[in-house]
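Take a look at the structure set out below.
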Amino acid sequence: LEDAGVVADWAARFVLQRITEFAPGPGRHFVLGLPTGGTPLGMYRRLIDFYKEGRLSFKYVTTFNMDEYVGLPRDHPESYHYYMWNEFFKHVDIEPGNAHVLDGNAADLVAECRRFEDLIAQAGGVHLFIGGIGPDGHIAFNEPGSSLVSRTRVKTLAYDTLEANKRFFGHDISKVPRQALTVGVGTVMDAKEVMILITGVHKALALSRAVEEGVNHMWTVSAFQQHPQALFICDEDATLELR
Ligand code: F6R
Numbered sequence: 226l227e228d229a230g231v232v233a234d235w236a237a238r239f240v241l242q243r244i245t246e247f248a249p250g251p252g253r254h255f256v257l258g259l260p261t262g263g264t265p266l267g268m269y270r271r272l273i274d275f276y277k278e279g280r281l282s283f284k285y286v287t288t289f290n291m292d293e294y295v296g297l298p299r300d301h302p303e304s305y306h307y308y309m310w311n312e313f314f315k316h317v318d319i320e321p322g323n324a325h326v327l328d329g330n331a332a333d334l335v336a337e338c339r340r341f342e343d344l345i346a347q348a349g350g351v352h353l354f355i356g357g358i359g360p361d362g363h364i365a366f367n368e369p370g371s372s373l374v375s376r377t378r379v380k381t382l383a384y385d386t387l388e389a390n391k392r393f394f395g396h397d398i399s400k401v402p403r404q405a406l407t408v409g410v411g412t413v414m415d416a417k418e419v420m421i422l423i424t425g426v427h428k429a430l431a432l433s434r435a436v437e438e439g440v441n442h443m444w445t446v447s448a449f450q451q452h453p454q455a456l457f458i459c460d461e462d463a464t465l466e467l468r
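Going letter by letter, the sequence shown gives residues 226 to 468 in my numbering.
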């Protein structure tokens, strides 16, 4: 697609279509997996518009977010709780109890990860998992070298990720949390459908490794070549390295 704005619009209309055709209702929730980051912001804004225009309701939608930092207070502006509430949830009619974000302050982080997987299973699995990727090909916090069958777990972040994220922490790398909770590649692979949003020339190498070379755990997003229903929604800039 032409640019990031068109990607955002396309992605939002796809979500609208999927939820509408599913026709959710009491006891029949549409289950959505969600990312944070810069890439999906435009999509969230369009979804909020659809809600305000009365075209879409989240009353019977259950969501699971991909990841959360360990040890950041919930109300820290860089926590993914804060991001999701501010950028999306508070603007729509989702029931707070149905919007699941991993708790990076849980006393037992391993148990928290297990609880999250159990909740996904209880919800009947994810219908549509939306994701974004890093320039190194990570999806969620599944850094290069992560197992392609991984489940939700505690992950120590790669140096490149700390570098990339320090801009959100006053350019001070020592303030970036060293660990995060993240869904595994296997967790996302289990979704019925996956939609990955990729925009910008800085993602061009990752996109080419993701789709034009073999499945490789150094570029974890390449795992989705083996997913029966995976969409990569890209702008022109992201495709510059494709053959
Ligand atoms: C988000 C996530 C990450 C981001 C990726 C791209 O929950 O887990 O995989 O999608 O780091 O981030 P942006 O969109 O900021 O370039």
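From the three backbone atoms N, C-alpha and C, an ideal C-beta is built for every residue, glycine too. As the structure is a prediction and not an experimental result, all values here were calculated from the model.
Using 8 Å for Cβ pairs, my map puts residue i next to residue j. What's the rounded Cβ distance?
| i | j | result |
| --- | --- | --- |
| L272 | A248 | Their Cβ separation, rounded to whole angstroms, is 18 Å, which puts L272 and A248 out of contact at 8 Å. |
| V413 | Q454 | So it is not a contact: roughly 12 Å between Cβ atoms. |
| D415 | G350 | 6 Å |
| P369 | A383 | 7 Å |
Should residue i and residue j be called a contact, given that it needs their Cβ atoms to be closer than 9 Å?
| i | j | result |
| --- | --- | --- |
| G362 | T424 | no |
| G469 | P402 | The structure shown has nothing for residue 469, since the chain only spans 226 to 468. |
| D318 | E461 | no |
| R270 | A233 | yes |
| R376 | C338 | yes |
| V426 | A365 | no |
| T245 | L327 | no |
| F171 | V286 | Here the chain covers residues 226 to 468 and nothing more, so residue 171 does not appear. |
What does DSSP give as the partner residue(s) for residue i in the beta ladder?
| i | result |
| --- | --- |
| K380 | A405 |
| H325 | F289 |
| A455 | V419 |
| I364 | I358 and N367 |
| R253 | G250 |
| N311 | For N311, which the question treats as bridged, DSSP gives no partner whatsoever. |
| Y175 | Past the boundaries of the shown model lies residue 175; the chain is included only from 226 to 468, so the question cannot be answered. |
| W444 | N441 |
Can you give me the Cβ contacts of residue i inside the same chain, cut-off strictly under 8 Å, excluding the 5 residues immediately before and after it?
| i | result |
| --- | --- |
| N441 | R434 and S447 |
| E388 | I398 |
| A193 | Nothing can be reported for residue 193, as the shown portion of the chain is limited to 226 through 468. |
| A405 | D292, E293, Y294, V295, G329, F366, V379, K380 and L382 |
| K391 | D397, I398, K400 and V401 |
| L344 | F289 and H325 |
| Y276 | S282, F283, H316, V317 and D318 |
By alpha-carbon positions, which one of the options ends up nearest to residue i?
| i | options | result |
| --- | --- | --- |
| H306 | Q450, N330, E438 and F354 | N330 |
| K315 | F341, A336, K284 and D343 | K284 |
| I421 | G359, K400 and V379 | G359 |
| V231 | L241, H254 and M268 | M268 |
| F457 | M443, V436 and R468 | V436 |
| G409 | L432, P321, F341 and Q450 | F341 |
| T261 | P302, Y276 and V286 | P302 |
| H352 | W235, R468 and Q242 | Q242 |
| S372 | P321, L334, F255 and G411 | G411 |
| Q450 | G439, C459 and A332 | G439 |
| G263 | M309, E278, S282 and L226 | M309 |
| F394 | D343, V374, A336 and S304 | S304 |
| G356 | G250, R468, C459 and L334 | C459 |
| G250 | S282, Y276, G322 and D333 | S282 |
Excluding the five sequence neighbours on either side, which residues of its own chain have a C-beta within less than 6 Å of the C-beta of residue i, listed in chain order?
| i | result |
| --- | --- |
| T288 | L257, L259 and A324 |
| A429 | A463, L465 and E466 |
Should residue i be counted as a contact of the ligand ZN given a C-beta to heavy atom distance under 8 Å?
| i | result |
| --- | --- |
| G356 | The model depicted lacks the ligand ZN and carries the ligand F6R instead. |
So, at 7 Å on beta carbons, what are the nonlocal neighbours of residue i in its own chain, with the 5 sequence-adjacent residues on each side left out?
| i | result |
| --- | --- |
| F354 | G258, V413, A416 and V419 |
| D385 | D361 |
| E312 | L266 and Y269 |
Can you find a CB in chain D that lies within less than 9 Å of the CB of residue i?
| i | result |
| --- | --- |
| G263 | No chain D is part of this structure, which consists of one protein chain only. |
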